[in-house]
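What follows is a short report on a single structure.
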Amino acid sequence: MCDTIFQRSYRKIHAMKNNLNSKPTNDYHEKASLYSHHQIEGTLKIAYKALETLLTKYKIIGEKTLDFGCGSGRSTRYLKNKVVCVEGADINQDMLALAHESDPFARYNKIENNHISARNAQFDFVFSSLVLFELSSLFEMQAVFKEIHRVMQFNGFFISIVVAEDFYQHDWVSIATDFPENKNPKSGDKVRIKIKEINLELNDYYWTREDYQKAAQMAGLSLIESVMPKADKQDGVFWLSEVDFSPYLVLVMKKTMALKAINEVASDRNMAQIPELGYLREVERSSVIISRAVLGNQYSGDRCEFSELELLMGKGNKSKFHKLISSEKFKFIEGKDLVLHVIEATTGEYQRVLLGEEEERAVKEFTVPTNSWIAEEFIAQEGYALVSARTSPGFHPDDTREATKEELIKKVGDQKEALDVIERIYAEAEVVSSAVQCVSPS
């Protein structure tokens, strides 16, 4: 007898862990109030003067603008006089509280786990000031760029102010850089600065223009211009290095590219290709073991406490209806919406669940009722859906079974939508399965 698709998958997937929830580079819980007094003056004003020129050059009116990493709202308040509508977002609740205090009528949202509380393609302009160099790895930077890509409209603009590559080698009117960490840094190295006006030291990470461009390209953003502004001698300011060297790098990007192809995503995440289904990998498996005596006789043996898989599906990918003994919780990660067809175990009631964030009725998490039948289906004509599925107790191939078409038809009765789904999935599965050999247990 042929194994189920998940039993075949179980023999191929590799364990791998990626943690995007890295600790903040600077503890703004302690420094938020002090940092909020840092104004757009001195050295920083050079970058914002360049920003104004770029807004005019590219005719950016910002009907819907996001200030990503807004901090205490300094840049958000600045943008209110330059664009039509702007809202801020930041990871630090203390900073957001100060932003609300300074501008109670503005909208500010907290960024949770690199996720922006916004719809797909909501903003025509995204701005970030002195944010990207707080990211500790290119992997994390790419994740941030992907999220910015998600909330940007096609052909929308993203402008980011970061420091120039030789920033840490010079002394500036507003910033001191004479620290041991700053001697010949390489990509990813920690560096340190001090904001003179408020006597505040901060740690950052050193990244090059090429680093930013590479991470952006991987996320579907194209770098169309980079500006390195210098100070004007006629400004009436006693500049230090600002006249001869540019302290800042202003990056101008556009959303002109689609996200990477599904096979590239699978390769990056070391996922195994599974016929019909797409790609799978196991990302976590608990070391805690629960005995069969505790679990019950429905299990064939001991199980780990929980396990988590990632599922990547693209055009034409779907699964037959199957069910697990264990509880299963799906979480949307990125991409297009994924359809979950669910048939309740006892009543046979059919439910069509959209897992994702493209449509208003879509949900980002869904727990499949125990012993219910479920089939995953990617219905978009392009792109992909990346989701996770966490089972408790942990997944084991003995705990899953595929349904026959006949038993499902009997279970759903006269529910027309359910009958249509069953007919379609099993008709298409018969065509695919004729070309797929069953894998014998190893």
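Here the sequence shown stands for residues 13 to 454, where the numbers follow this note's numbering. The beta carbon of each residue, even a glycine, is placed where N, CA and C say it ideally should be.
query                                                                                                                      : result
Outcome for Lys35 when other beta-carbon atoms lying within 10 angstroms are tallied against a minimum of 16               : Interpretation of Lys35 is limited by its pLDDT of 48, a score under 50 that renders its predicted location unreliable; the figure taken from the coordinates is listed afterwards. Label assigned to Lys35: exposed.
Closest by C-alpha distance to Lys417, when choosing among Val399, Gln363, Arg373 and Phe333                               : Phe333
Boundaries (first-last residue) of the beta strand (DSSP E) holding Ile171                                                 : Met164 to Val175
Residue(s) in a DSSP beta bridge with Ala397                                                                               : Met325 and Gly347
CB contact flag (Asp8, Ser253, <7 Å)                                                                                       : Past the edges of the chain, shown from 13 to 454, lies residue 8, and the structure says nothing about it.
Residue from Phe135, Leu91 and Arg297 whose Cα sits closest to the Cα of Ala118                                            : Leu91
Span of the beta strand (DSSP E) around Tyr120                                                                             : Tyr120 to Lys122
Cut-off 6 Å between Cβ atoms - residues of its own chain near Ser141, not counting five sequence neighbours on either side : Ser87 and Ile173
Three or more C-beta pairs below 8 Å linking the stretch 162-169 and the stretch 129-144                                   : yes
Three-state secondary structure assigned by DSSP to His334                                                                 : strand
Contact between the stretch 225-238 and the stretch 186-202 (3+ Cβ pairs under 8 Å)                                        : no
Rounded straight-line distance, which links the Cα of Asp256 to that of Lys245                                             : 10 Å
Any beta strand (DSSP E) of 3 or more consecutive residues that is wholly inside the stretch 354-437                       : 362-367, 377-380, 385-389, 396-404 and 412-414
Same chain, Cβ closer than 6 Å to Glu159, neighbours up to 5 away in sequence not counted                                  : Asn126 and Ile128
Classification of Val300 by the beta-carbon crowding that lies within 10 angstroms, buried from 16 upward                  : exposed
Counted within 10 angstroms of its Cβ, other Cβ atoms place Gly368 as buried (16 or more) or exposed                       : buried
Under 7 Å between C-beta atoms of Ile123 and Val96                                                                         : no
Extent of the continuous alpha helix (DSSP H) run through Glu222                                                           : Arg221 to Met230
Distance between Glu99 and Tyr438 (C-alpha atoms, nearest Å)                                                               : 47 Å
Cα-Cα separation between Lys341 and Glu294, rounded to whole angstroms                                                     : 14 Å
DSSP state of Ala109 mapped onto helix, strand, coil                                                                       : helix
Coil, strand or helix - Gln181 by DSSP                                                                                     : helix
Candidates Glu429, Val262, Trp251 and Lys335: closest to Arg221 by CA position                                             : Val262
Run of the alpha helix (DSSP H) containing Asp280, from where it starts to where it stops                                  : Ile274 to Asp280
Gly313 burial status per 10 Å Cβ neighbour count (16 or more: buried)                                                      : exposed
Alpha-carbon spacing of Asn265 relative to Leu350, whole angstroms                                                         : The residue asked about is misnamed: residue 265 is Met in this sequence, not Asn. Roughly 29 Å between the two C-alpha positions.
Backbone CA spacing between Tyr291 and Arg304 [nearest angstrom]                                                           : 30 Å
For Gly83 and Ala44, the rounded distance between their alpha carbons                                                      : Confidence at Ala44 is low in this model, with a pLDDT of 49, below 50, so the placement of that residue is unreliable and no value is reported for it.
Whole-angstrom distance between Ala273 and Ile345, CA atom to CA atom                                                      : 16 Å
Within 7 Å, strictly: CB atoms of Val143 and Gly81                                                                         : yes
Among Pro381, Ser338 and Arg373, nearest to Thr358 - alpha-carbon criterion                                                : Pro381
Buried or exposed by the 16-neighbour rule on C-beta atoms within 10 Å, applied to Arg162                                  : buried
For Leu235, the nearest candidate out of Val249, Lys226 and Leu150 (CA to CA)                                              : Lys226
Cβ-based neighbour list, Leu66, same chain, cut-off 8 Å, excluding 5 preceding and 5 following                             : Ile72, Ile171, Glu237, Val239, Val262 and Val264
Straight-line Cα distance separating Val175 from Ser48                                                                     : Confidence at Ser48 is low in this model, with a pLDDT of 48, below 50, so its placement is unreliable and the value that follows should be read with caution. Going from the Cα of Ser48 to the Cα of Val175 covers about 19 Å.
Local Cβ density within 10 Å of Thr403, reported as buried at 16 or more and exposed below that                            : buried
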